[in-house]
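Student: Structure in structure tokens, see below.
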Amino acid sequence: MLHNKTALVTGSTSGIGLGIAKALAARGANIVLNGFGDVDGARAAIEALGVQVMYHGADMSKPAEIEAMMHAAAERFGRVDILVNNAGIQHVAAVEDFPPERWDAILAINLSSAFHTTRLALPAMKAANWGRIINIASVHGLVASAHKAAYVAAKHGLVGLTKVVALETATTGVTCNAICPGWVLTPLVQKQVDDRAAQQGISVEQATRQLLGEKQPSMQFTTPEQLGELAVFLCSPAADNVRGVAWNMDGGWAAQ
Numbered sequence: 170m171l172h173n174k175t176a177l178v179t180g181s182t183s184g185i186g187l188g189i190a191k192a193l194a195a196r197g198a199n200i201v202l203n204g205f206g207d208v209d210g211a212r213a214a215i216e217a218l219g220v221q222v223m224y225h226g227a228d229m230s231k232p233a234e235i236e237a238m239m240h241a242a243a244e245r246f247g248r249v250d251i252l253v254n255n256a257g258i259q260h261v262a263a264v265e266d267f268p269p270e271r272w273d274a275i276l277a278i279n280l281s282s283a284f285h286t287t288r289l290a291l292p293a294m295k296a297a298n299w300g301r302i303i304n305i306a307s308v309h310g311l312v313a314s315a316h317k318a319a320y321v322a323a324k325h326g327l328v329g330l331t332k333v334v335a336l337e338t339a340t341t342g343v344t345c346n347a348i349c350p351g352w353v354l355t356p357l358v359q360k361q362v363d364d365r366a367a368q369q370g371i372s373v374e375q376a377t378r379q380l381l382g383e384k385q386p387s388m389q390f391t392t393p394e395q396l397g398e399l400a401v402f403l404c405s406p407a408a409d410n411v412r413g414v415a416w417n418m419d420g421g422w423a424a425q
């Protein structure tokens, strides 16, 4: 379905980003990987699916590096057809204790980076009259949790940006939507589980049940593979008129 298309997925060397990149590659899309961590492992996983892959190590908090990544992708593949803004970081603290530098970093990576990639991808998408922008927001783009001021603010902002871009591209073949996962067992969430277990002196299994029980009625983690399949749908002709949606995949979290 996506043969001869190119997908750039930020934060795609592990977790949600890699799951989405693999799902798009399985449908024939060439992939531009970005992020830190096991780059060689991520590259090998994509190459095994029979598509072309390149990696760019842009720091998503730095607009100049984002611009360099977008230009490199266009030079290699012609243009970015599918842009998945997934890169994100987290810090947990009460507002009065929240380090200002952490606030700035979270907004830069979780929100501003999506603005920069989008503004750079849109001209070629509009010229081709086809493109997909998929912003990986969060259920925290729809509802709040205590001690996550910067993350919640950034994800709410990402949902808002999604709606604006969807309106500005509404009469074109370019669509923009957001996916809003609940708890997904990524390294970021595993760290929260481990910290909870250590602080309370309980097992990791107990901490996991606590975490899910507080927010996610299904008591199941959403998986990167499930999120990848939703991204594939949003790239399909069936989703040509899905525009400006914040689609939560959260086990019932936001339904409460």
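Residue numbering for the sequence shown follows the numbering used here, beginning at 170 and increasing consecutively. Each residue gets a CB set at the ideal place from its N, CA and C atoms; glycine is no exception. Every value quoted in this text rests on a predicted model; they were computed, and no experiment measured them.
1. How about I251 and R288: do their beta carbons lie closer than 8 Å?
2. Mark T340 as exposed unless 16 or more other C-beta atoms lie within 10 angstroms of its C-beta, in which case mark it buried.
3. Using DSSP bridges, identify the partner residues of L252.
4. Just how far apart, CA to CA, sit N255 and T331?
5. Measure the CB-CB distance between T179 and N203 and report whether it falls below 8 Å.
6. Where do the N-terminal and C-terminal ends of the beta strand (DSSP E) with V353 fall, by residue?
7. For A400 versus L187, is the C-beta spacing smaller than 8 Å?
8. Grab me the residues of P268's own chain with a C-beta within less than 8 Å of its C-beta, minus the 5 sequence neighbours each way, in chain order.
9. Answer with buried or exposed for N199, where buried requires no fewer than 16 other C-beta atoms within 10 angstroms of its C-beta.
10. With a cut-off of 8 Å on the beta carbons, I'd call V308 and C345 a contact; round off their distance for me.
11. Would you be able to state if there are at least three C-beta pairs under 8 Å between the stretch 346-365 and the stretch 386-398?
12. Helix, strand or coil for L396, going by three-state DSSP, please let me know.
13. Which residues share a DSSP beta bridge with L167?
14. Would you say V328 faces chain C, with C-beta separation under 8 Å as the test?
15. Since L202 sits in a beta bridge, which residues does DSSP pair it with?
16. Classify I348 as helix, strand or coil using the three-state DSSP reduction.
17. Compute the Euclidean distance between the alpha carbons of K317 and I305, then round it to the nearest angstrom.
18. Looking at C-alpha atoms only, which residue of D228, S181 and A195 is the closest neighbour of E398?
19. Just to confirm, is the Cβ distance from A243 to A293 under 8 Å?
Tutor: In terms of the structure at hand:
1. Residue numbering aside, residue 251 sits at position 82 when the sequence shown is read from its first letter. Residue numbering aside, residue 288 sits at position 119 when the sequence shown is read from its first letter. With contacts defined as CB atoms closer than 8 Å, I251 and R288 fail to qualify as a contacting pair.
2. Numbered from its first residue, the sequence shown carries residue 340 at position 171. Flag for T340 reads exposed.
3. One-based indexing of the sequence shown puts residue 252 at position 83. Bridge partners of L252: L177 and I302.
4. For the purposes of this step, residue 255 is identified with residue 86 of the sequence shown, where counting begins at 1. For the purposes of this step, residue 331 is identified with residue 162 of the sequence shown, where counting begins at 1. Taking the straight line from one Cα to the other gives about 13 Å.
5. Sequence index remark: in the sequence shown, residue 179 carries index 10 (1-based). Sequence index remark: in the sequence shown, residue 203 carries index 34 (1-based). In this structure, N203 lies closer than 8 Å to T179 by Cβ.
6. Locating residue 353 in the sequence shown gives position 184, where the first residue counts as 1. No beta strand (DSSP E) holds V353; DSSP gives it neither H nor E.
7. Taking the sequence shown and counting its residues from 1, one reaches residue 400 at position 231. Taking the sequence shown and counting its residues from 1, one reaches residue 187 at position 18. Not in contact: A400 and L187 (Cβ atoms no closer than 8 Å).
8. Mapped onto the sequence shown, residue 268 falls at position 99. Correct list, in chain order: H260 and A262.
9. Against the sequence shown, residue 199 aligns to sequence position 30. Result: buried.
10. Here residue 308 refers to the residue found at position 139 when the sequence shown is read from its first residue. Here residue 345 refers to the residue found at position 176 when the sequence shown is read from its first residue. The pair is not a contact, with the Cβ atoms about 19 Å apart (cut-off 8 Å).
11. yes
12. Here residue 396 refers to the residue found at position 227 of the sequence shown. Helix, per DSSP.
13. Examination of residue 167 is not possible in this model, given that the chain is present from 170 through 425 alone.
14. Among the chains of the structure shown, chain C does not appear; only one protein chain is present.
15. Counting from 1 along the sequence shown, the entry for residue 202 is found at position 33. Its beta-bridge partners are V178 and Y224.
16. Residue numbering aside, residue 348 sits at position 179 when the sequence shown is read from its first letter. DSSP places I348 in strand when its eight states are reduced to three.
17. Here residue 317 refers to the residue found at position 148 of the sequence shown. Here residue 305 refers to the residue found at position 136 of the sequence shown. So the alpha carbons of these two residues sit roughly 17 Å apart.
18. Locating residue 398 in the sequence shown gives position 229, counting from the first residue. Taking E398 as reference, the option from D228, S181 and A195 with the minimal CA-CA separation is A195.
19. Translated into the one-based positions of the sequence shown, residue 243 becomes position 74. Translated into the one-based positions of the sequence shown, residue 293 becomes position 124. In this structure, A243 lies near A293, with their beta-carbon atoms less than 8 Å apart.
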